[in-house]
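Comments concern the structure below.
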Amino acid sequence: MSTAPLLQVNDLKKHFPIHGGFFGGVTAKVYAVDGISFDIAKGETLSLVGESGCGKSTVGKALLRLFPLTDGQVILDGQRIDDMPSGTLRPLRRRMQVVFQDPFSSLNPRMRVRDILAEPIRNFGLAKNSADLEARLAALMDKVRLPRDAVNRWPHEFSGGQRQRIGIARALAGEPDLIICDEAVSALDVSVKAQIVNLLQDLQKELGLAMLFISHDLAIVEHMTHRVAVMYLGKIVEVAPRRSLFGAPKHPYTEALLSAVPQPTPGIQRQRIILKGDVPSPINPPKGCRFHTRCPYAFDRCRVEEPVLRPIQDAMGEGHVSACHLHDLPAAQNPLSEAKGAQLLAVG
Amino acid sequence: MALLEVDALQTHFRTPDGINRAVDGVSFHVNAGETLAIVGESGCGKSVTAMSILRLIPEPPGKIAGAIRFNGKNLLEASDKEMRAIRGNEISMIFQEPMTSLNPVLTVGRQIGETLRLHQGMSAQAAEDRAVEMLNLVGIPEAKRRVKEYPHQLSGGMRQRVMIAIALACNPKLLIADEPTTALDVTIQAQILDLMRDLKHRVGAAIVLITHDLGVVAEVAERVVVMYAGRKVEEAPVHALFNKPRHPYTQGLLGSVPKLGSSLTGEATRLAEIPGLVPSLKQKIPGCVFASRCAHATDLCTAVAPALEEKAPGHVAACHYALREGALAA
Ligand SMILES: Nc1ncnc2c1ncn2[C@@H]1O[C@H](COP(=O)(O)OP(=O)(O)O)[C@@H](O)[C@H]1O
Ligand SMILES: Nc1ncnc2c1ncn2[C@@H]1O[C@H](COP(=O)(O)OP(=O)(O)O)[C@@H](O)[C@H]1O
Ligand code: SF4
Ligand SMILES: [Mg+2]
Ligand SMILES: [Mg+2]
Numbered sequence: 032m033s034t035a036p037l038l039q040v041n042d043l044k045k046h047f048p049i050h051g052g053f054f055g056g057v058t059a060k061v062y063a064v065d066g067i068s069f070d071i072a073k074g075e076t077l078s079l080v081g082e083s084g085c086g087k088s089t090v091g092k093a094l095l096r097l098f099p100l101t102d103g104q105v106i107l108d109g110q111r112i113d114d115m116p117s118g119t120l121r122p123l124r125r126r127m128q129v130v131f132q133d134p135f136s137s138l139n140p141r142m143r144v145r146d147i148l149a150e151p152i153r154n155f156g157l158a159k160n161s162a163d164l165e166a167r168l169a170a171l172m173d174k175v176r177l178p179r180d181a182v183n184r185w186p187h188e189f190s191g192g193q194r195q196r197i198g199i200a201r202a203l204a205g206e207p208d209l210i211i212c213d214e215a216v217s218a219l220d221v222s223v224k225a226q227i228v229n230l231l232q233d234l235q236k237e238l239g240l241a242m243l244f245i246s247h248d249l250a251i252v253e254h255m256t257h258r259v260a261v262m263y264l265g266k267i268v269e270v271a272p273r274r275s276l277f278g279a280p281k282h283p284y285t286e287a288l289l290s291a292v293p294q295p296t297p298g299i300q301r302q303r304i305i306l307k308g309d310v311p312s313p314i315n316p317p318k319g320c321r322f323h324t325r326c327p328y329a330f331d332r333c334r335v336e337e338p339v340l341r342p343i344q345d346a347m348g349e350g351h352v353s354a355c356h357l358h359d360l361p362a363a364q365n366p367l368s369e370a371k372g373a374q375l376l377a378v379g
Numbered sequence: 035m036a037l038l039e040v041d042a043l044q045t046h047f048r049t050p051d052g053i054n055r056a057v058d059g060v061s062f063h064v065n066a067g068e069t070l071a072i073v074g075e076s077g078c079g080k081s082v083t084a085m086s087i088l089r090l091i092p093e094p095p096g097k098i099a100g101a102i103r104f105n106g107k108n109l110l111e112a113s114d115k116e117m118r119a120i121r122g123n124e125i126s127m128i129f130q131e132p133m134t135s136l137n138p139v140l141t142v143g144r145q146i147g148e149t150l151r152l153h154q155g156m157s158a159q160a161a162e163d164r165a166v167e168m169l170n171l172v173g174i175p176e177a178k179r180r181v182k183e184y185p186h187q188l189s190g191g192m193r194q195r196v197m198i199a200i201a202l203a204c205n206p207k208l209l210i211a212d213e214p215t216t217a218l219d220v221t222i223q224a225q226i227l228d229l230m231r232d233l234k235h236r237v238g239a240a241i242v243l244i245t246h247d248l249g250v251v252a253e254v255a256e257r258v259v260v261m262y263a264g265r266k267v268e269e270a271p272v273h274a275l276f277n278k279p280r281h282p283y284t285q286g287l288l289g290s291v292p293k294l295g296s297s298l299t300g301e302a303t304r305l306a307e308i309p310g311l312v313p314s315l316k317q318k319i320p321g322c323v324f325a326s327r328c329a330h331a332t333d334l335c336t337a338v339a340p341a342l343e344e345k346a347p348g349h350v351a352a353c354h355y356a357l358r359e360g361a362l363a364a
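If you're matching them up, the sequences are chains A and B in order. FYI, this note's numbering numbers position 62 of the first sequence as 93, with every residue one higher than the one before it. FYI, this note's numbering numbers position 278 of the second sequence as 312, with every residue one higher than the one before it.
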């Protein structure tokens, strides 16, 4: 696609100060998100994956301007929104909405569903009159496949899956172009999760929504997404279209993640990559490549020089980038030169 | 004789708005040295089953009926003293959240040592030596230093290793692991599952693994019990369960999880949904507990609870219509 992306993020940073010491001054920083760039096209789903604490939610919150950025640019449909005063921001806010993980805490228990959904419609001045408001409420309930008369009920009267439908309806109320789903199906039980995943997919097609799908569940991500960005300790280490990422991972961390997911097929023979140790602290991330303390392939250069994201040859398709020094080695010495996905996942 | 026999276990809770039939007539057995998984969605009664086996259910509000025979002895008739001698010794348990089951003010070494001194009358020195040995066994580096640390100084994965060390310290015959990797990240989960598999070979304890994750089941279990709304709906050897699930609920469950690699094989673009919701456990359900969500349900299903019936060798399912091996399709 040659048209400008819907959302463009350049070198985004968010560092949280840690206060301590006698005078309560800043004694250290959490490098939660430490210089990441990506874009999302209209109608596209980009997934952000990685283990807990790697900075996924912080990216989402930064985009929503829930706190000021440390550095970087966020461009929505050609307009910079990271430095916009909140007054001017309002009409743009409408275009980017969020669905959170916890359907229990994210809905105000003292508001009826009708008021939860009407709030964004009023805030953004979308309804022409009260009949229009009613029509919009009914249409939202239809979209998320809840009975229309459920608008008169309270959040506690609904199950987890139904509340997540209400959360989705609220996100849709402002007629957004982009929805950020932060672990939106992670807390749901398997059978209900499938219902919500299918709903999100249908809505995306129907409404041409773009989506930033934040999740640690790789199987769901693969099922949902067009492209995937893999994060580790505040950095993006790899981005690729779905088939390339799962079929030919080009970063050692991605490879280990794929091989670690238990597959619901007993008795399969898989290549296992068991990483040693734990994720280091984002307060003091390792020098050089942040993954070098756990990487099974790390060599001298990895401990001193930080690899940058750059395009990688991939027979499965275009648009594959990875940050790993292995790709400077001759193919015969690069353990990631072949497409190993099918083998790691024991499929096909 | 099986190591553990759970026979018509019924654990109900009295609540302000009625009786919660958390576990409602569940039977299964565990053989020495085998790994049995209990799988099902949250609230189906997995943890209550585990806690009932160890008699950790507060009574009241709980009320346990049936029989739980461990080495032939009915634990429901055992005295508190006898249960204390069994817990942490012959049967031990690990939980999802190690932080809530570890004592925050005792060093890791002391906590492993306590168990050994209590059950095996070891001296303080012997217990500490054994604690170091156990930490080594569960793959904690620098065990000599780590025994002197407190739980909060350890990562989530390390704490779960410590829990496993405590659980295995007395060489139990049965280990009950309730969602032991659910709170962990996937690379750490892989480490812990690897450790459990390895230890099983070395220690030889039977394991009851409770989980909602079908991937974990496929990786570690030999036999599987599927629970739904407080009842066992299916039980089978692991291959049979995944390759030929008989109960519509199990079939639905398997259809609703995507397999990693689906974009490579071009498999199913849409997940199977199980419509509706789990029924309330506070209502007595006369028929099949799954009838309200089952595509095959008939009047018979809503009226009469299907018996658990052997559909193939070692493969039982509670469904009026699940095919029996050798029977002709209707
Ligand atoms: N408000 C905050 N103050 C300090 N540290 C924070 C704050 N929010 C998040 N963090 C830290 O930033 C890192 C990234 O967190 P988060 O974005 O929530 O990760 P993820 O969503 O990938 O699990 C973590 O180390 C987390 O502890
Ligand atoms: N102490 C208790 N008092 C009342 N109800 C309980 C108690 N413990 C568990 N329950 C209920 O028992 C049912 C089964 O719970 P549980 O065994 O924890 O499910 P899971 O399969 O998720 O482990 C649930 O409805 C739960 O609310
Ligand atoms: S740069 Fe080095 S340490 Fe980092 S992922 Fe690549 S091989 Fe591993
Ligand atoms: Mg998060
Ligand atoms: Mg439980």
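For each residue, glycine too, the CB sits at the ideal point set by N, CA and C.
Query	Result
CA-to-CA distance, residue 287 (chain A) to residue 308 (chain A), given in whole angstroms	13 Å
Pocket of ligand 4 defined by Cβ to heavy atom distance under 7 Å	A:83, A:87, A:88, A:213, A:214 and A:245
For residue 43 (chain B), the nearest candidate out of B:261, B:76 and B:223 (CA to CA)	B:261
Close-in-space but distant-in-sequence residues of the same chain around residue 266 (chain B) (CB under 6 Å, 5 per side omitted)	60 and 259
Same chain only: Cβ atoms within 7 Å of residue 364 (chain B), ignoring 5 sequence neighbours per side	For residue 364 (chain B), the pLDDT reaches just 41, beneath the cut-off of 50, and the residue's location in the model is therefore unreliable, although a value from the coordinates is still provided. Cβ within range, chain order: n/a, list empty.
Separation of residue 107 (chain A) from residue 35 (chain A), as counted between CA atoms	10 Å
Beta-bridge pairing of residue 47 (chain B) - partner residues as DSSP gives them	B:54 and B:96
Contacts of residue 297 (chain A) in chain B (Cβ-Cβ under 7 Å)	252, 272, 273 and 276
Reduced DSSP category for residue 292 (chain A) - H, G, I as helix; E, B as strand; rest coil	coil
Rounded C-alpha distance that separates residue 313 (chain B) from residue 147 (chain A)	27 Å
For review: beta carbons within less than 5 Å of any heavy atom in ligand 3	A:283, A:320, A:322, A:323, A:326, A:328, A:329, A:333, A:338, A:355, A:356 and A:357
Pairwise C-alpha distance: residue 272 (chain B) and residue 65 (chain B)	15 Å
Stretch pair the stretch 287-295 of chain B + the stretch 196-214 of chain A: three plus CB contacts closer than 8 Å	no
Cβ of residue 363 (chain B) within 7 Å of any chain A Cβ	Per-residue confidence for residue 363 (chain B) stands at a pLDDT of 46, beneath the threshold of 50, marking its modelled position as unreliable; the derived number appears in the next sentence. Not closer than 7 Å to any Cβ of chain A, the Cβ of residue 363 (chain B) fails to qualify, so no.
Contacts that residue 191 (chain B) makes with chain A (C-beta to C-beta distance below 7 Å)	309
Pairwise C-alpha distance: residue 187 (chain A) and residue 135 (chain A)	8 Å
Closer than 6 Å: residue 80 (chain B) CB and nearest ligand 5 heavy atom	yes
Where the stretch 36-58 of chain B meets chain A: residues whose CB sits under 9 Å from a CB there	none
Neighbouring residues, chain B, relative to residue 313 (chain A) (Cβ below 9 Å)	Neighbours of residue 313 (chain A) on chain B: none; closest Cβ ~14 Å, over 9 Å.
Residue 52 (chain B) versus residue 185 (chain A): straight-line alpha-carbon distance, rounded	23 Å
Beta carbon of residue 348 (chain B) nearer than 7 Å to that of residue 67 (chain B)	no
Inside the stretch 65-141 of chain B only - beta strand (DSSP E) runs reaching at least 3 residues	69-73, 96-104 and 125-128
Secondary structure, alpha helix (DSSP H): runs of 4+ residues fully inside the stretch 283-329 of chain A	283-291
Sub-7 Å separation of residue 41 (chain A) and residue 103 (chain A) beta-carbons	yes
Check: residue 400 (chain A) C-beta below 6 Å from any heavy atom of ligand 1	For chain A, the structure presents residues 32 to 379; residue 400 (chain A) sits outside this window and is missing.
Residue 135 (chain B) CB to nearest heavy atom of ligand 6 below 6 Å	Summarising the ligand content, the structure contains ligand 1, ligand 2, ligand 3, ligand 4 and ligand 5 and does not contain ligand 6.
Residue 92 (chain B) CB to nearest heavy atom of ligand 1 below 6 Å	no
Given residue 147 (chain B) as reference, the closest of B:98, B:168, B:135 and B:343 once Cα atoms are compared	B:168
Length at least 4, wholly inside the stretch 211-257 of chain B: the alpha helix (DSSP H) runs in chain order	220-237 and 248-254
Exposed unless 16 or more other CB atoms sit within 10 angstroms - verdict on residue 191 (chain B)	buried
For residue 39 (chain A), three-class secondary structure by DSSP	strand
Close beta carbons around residue 360 (chain A), own chain, < 8 Å, minus the five adjacent residues each side	none
Contact belief for residue 278 (chain A) with residue 372 (chain A) at Cβ below 8 Å, rounded distance in angstroms	4 Å
Neighbour-count burial assignment, residue 89 (chain A), 16 or more Cβ in a 10 Å radius	buried
Check: residue 324 (chain B) C-beta below 6 Å from any heavy atom of ligand 2	no
Test: residue 61 (chain B) CB closer than 7 Å to a CB of chain A	no
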